[in-house]
Amino acid sequence: MTASALLPESLRQDFPILAQHVHGDKPLVFLDNAASSQRPEAVIKAMVESYACDYANVHRGIHVLSERSTDAYELARSKVRAFLGAAYEHEIIFTSGTTAGINLVARSWGDANLRAGDEILLNLMEHHSNLVPWFQLAERTGAVVRHIPLTEDGRLDLYDLDEYLTPRTRIVAVTAVSNTLGTINPVRELARAAHDVGAVVLVDAAQSAPHLRTDVQELDVDFLALSGHKMCGPTGIGVLYGRAELLEAMPPMFGGGSMINRVYADRFTSADLPAKFEAGTPPIVGAIGLGAAIDYLEAIGLDRIHAHEQALVERAWEGLSQVEGIRLLGPRPELRAGLVSFVLDRPHAHDIAQLLDREGIAVRAGHHCTQPLHDHLGITASTRASFYLYNTVGEVDALIAAVRDVRDRFKPTGRKRRRA
Ligand code: PMP
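At position 413 of the sequence shown the residue is numbered 920 (this note's numbering), and the sequence of numbers has no breaks.
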């Protein structure tokens with residue numbers, strides 16, 4: 508399939524925010540999608556309509572608006588179930604995002620299941636959201652954190668996996684796609700190996716669910732967390748998928764309204780799934796917006812989106828690799844999702860991002876919440892361009908030209924260096 512199969516130029520009309528100029532006359536080139544994507548009008552409309560016509564709190568009121576709101580909220584859950592290929596709707600827990608989902612598992616499942624000396628298997632390409640909750644769990648329980656090593660080109664090195672994945676391993680937490688390297692990790696293979704030693708697998712799908720088709724049963728994973736705002740949905744909504752028998756055995760994380768079956772003067776009994784993990788008023792309109800985002804992505808097709816981004820990333824990789832003094836991070840294009848991070852010998856990542864912004868090109872600079880990975884790579888910061896379904900070949904070319912121009916301006920001349 509070629510890039511033209513997707514026609515991003517026509518999709519762009521669905522995203523009102525993209526049709527603007529910045530810094531005077533520069534067309535906005537939005538390449539910061541890994542941080543947060545933009546939303547199509549269909550998502551905005553679904554949310555506005557919910558607030559304007561149907562809104563009330565869910566699950567409680569015996570009145571028409573509450574019934575409509577509850578139906579819409581639960582319909583969103585059923586869309587997420589289908590989107591992830593989960594067996595049951597009660598395996599879908601609405602959260603505020605990936606961070607919340609991972610923390611929920613680390614707290615609820617982790618505290619109940621880990622003991623001193625048990626092992627948590629991570630790796631250095633993980634986002635801080637998939638490191639810190641496990642470090643905290645290790646601090647609470649005396650469990651030990653271990654890391655799968657990385658290859659030179661930024662993939663998981665599974666060659667000696669037996670050394671790291673042992674009968675002491677209780678959980679393997681892994682990102683499906685690295686938000687810095689772009690690496691697509693072999694989740695299915697890891698899940699199989701983890702299950703062989705009796706460990707459970709949590710997948711951070713923040714960077715994969717928006718771009719690649721996800722099927723939790725096919726992948727055979729136990730937990731999977733994602734964020735709505737990276738997949739054309741609103742902020743403040745995310746999903747934790749959990750295998751029913753694991754979720755059923757886990758204690759609730761937050762106590763309060765909705766998560767109870769019965770409260771007495773001095774004790775309570777928990778509600779069934781999924782309410783057990785959805786204490787308080789949930790992000791109702793956020794869930795409805797996420798449902799609309801899923802409808803939008805499904806109508807286009809995740810396979811087409813991935814193929815389109817693959818074409819963009821190949822072009823970016825090819826073009827950027829010609830820029831003098833550049834170091835591209837991560838594996839070759841076929842092994843990665845639609846983002847490219849790089850370092851120039853000069854200038855610093857923040858200066859690059861600022862100069863690109865002046866050309867209307869939005870990228871991200873910094874450590875991208877992967878400080879251990881940056882330490883491992885021997886750098887403090889990088890610049891990241893991340894693509895989505897509405898990005899065009901022309902925008903990739905604009906990025907390449909602008910990066911080349913930035914490097915040219917900072918090129919050492921042997922005489923006086925030109926200043927930006
Ligand atoms: N994991 C990865 C791989 C991410 O890229 C991000 C967002 N940058 C997160 C987790 C955290 O997502 P959120 O901030 O939406 O909770």
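Beta carbons are placed, not taken as given, at the ideal position from N, Cα and C, and that holds for glycine.
Beta-carbon within less than 6 Å of residue i's beta-carbon, same chain only, minus the 5 sequence neighbours each way: which residues are those?
i: I600; result: L747, P781 and F784
i: E633; result: T682
i: H566; result: T577
i: E752; result: none
i: G617; result: L644
i: V848; result: Position check: residue 848 holds Ser in this sequence, whereas Val was assumed. Taken in chain order, the residues that qualify are T687, L836, S889 and R891.
i: H597; result: L780 and P781
With the cut-off set at 8 Å, would you say residue i and residue j are in Cβ contact?
i: D729; j: V708; result: yes
i: L688; j: G826; result: no
i: E812; j: L819; result: The sequence as given places Ile at residue 812; Glu does not occur at that position. No, they are not a contact pair.
i: A794; j: S765; result: no
i: R914; j: M760; result: no
i: A872; j: H881; result: no
i: A701; j: N637; result: no
i: L862; j: I833; result: no
i: A583; j: G798; result: yes
i: V900; j: R822; result: yes
i: E950; j: R662; result: Any question about residue 950 goes unanswered here, given that the chain covers just 508 to 927.
i: R865; j: H530; result: yes
i: K737; j: A706; result: no
i: L672; j: L621; result: no
Look at the alpha carbon of residue i and the alpha carbon of residue j, and state the distance between them as a whole number of angstroms.
i: R916; j: S543; result: 30 Å
i: A650; j: S734; result: 28 Å
i: I801; j: K586; result: 7 Å
i: V830; j: R588; result: 44 Å
i: I744; j: E670; result: 38 Å
i: L726; j: Y595; result: 16 Å
i: G740; j: A549; result: 10 Å
i: A449; j: I868; result: Missing from the structure shown is residue 449; the chain here goes from 508 to 927 and no further.
i: Y897; j: I609; result: 29 Å
i: A541; j: V903; result: 15 Å
i: L668; j: L731; result: 22 Å
i: S576; j: V723; result: 28 Å
i: I678; j: F642; result: 13 Å
i: D539; j: D773; result: 50 Å
i: G624; j: R675; result: 8 Å
i: F590; j: L846; result: 23 Å
i: K552; j: L754; result: 34 Å
i: Q878; j: Y562; result: 42 Å
i: A927; j: S893; result: With a pLDDT of 44 at A927, under the threshold of 50, the modelled position of that residue is not reliable, and no figure is offered here.
i: F522; j: P547; result: 4 Å
i: G604; j: A814; result: 26 Å
i: T920; j: T648; result: 57 Å
i: L513; j: P717; result: 15 Å
i: I1004; j: L665; result: It is not possible to answer for residue 1004, since the shown part of the chain is limited to 508 through 927.
i: G763; j: D779; result: 14 Å
i: G592; j: P840; result: 27 Å
i: D660; j: L809; result: 26 Å
i: K918; j: D532; result: 27 Å
i: L611; j: P640; result: 9 Å
i: H874; j: A806; result: 34 Å
i: A905; j: A856; result: 18 Å
i: Y895; j: G796; result: 18 Å
Among residues of its own chain, excluding the 5 on either side of residue i, which ones have a beta-carbon nearer than 8 Å to its beta-carbon?
i: S883; result: Checking the displayed sequence, the identity of residue 883 turns out to be His instead of Ser. Hits under 8 Å: L631 and L657.
i: A619; result: A756, M757 and P758
i: I691; result: A683, V684, S715, L719, L842, R843 and A844
i: R695; result: E725, L726 and D727
i: H570; result: A563
i: V635; result: According to the sequence as given, residue 635 is His; it is not Val. Once the five neighbours on either side are set aside, the close Cβ partners of H635 are C876, T877 and Q878.
i: P789; result: V565, Y580, F601 and S765
By Cβ distance, which residues of its chain are closer than 7 Å to residue i, with the 5 residues on each side in sequence left out?
i: A607; result: G745
i: F537; result: L525, Q545 and A869
i: P534; result: H528 and G867
i: I791; result: V565, S576 and Y580
Of all the CB atoms in chain B, is at least one closer than 8 Å to the CB of residue i?
i: V639; result: The structure shown contains no chain B, having only a single protein chain.
Inset, instruction - With a floor of 3 residues, list each beta strand (DSSP E) that falls wholly inside the stretch 570 to 636, ordered by position along the chain. - result: 599 to 602 and 626 to 630
Inset, instruction - Say whether the stretch 759 to 775 touches the stretch 551 to 558, bearing in mind that this needs 3 or more beta-carbon pairs closer than 8 Å, one atom from each stretch. - result: No: fewer than three Cβ pairs fall under 8 Å.
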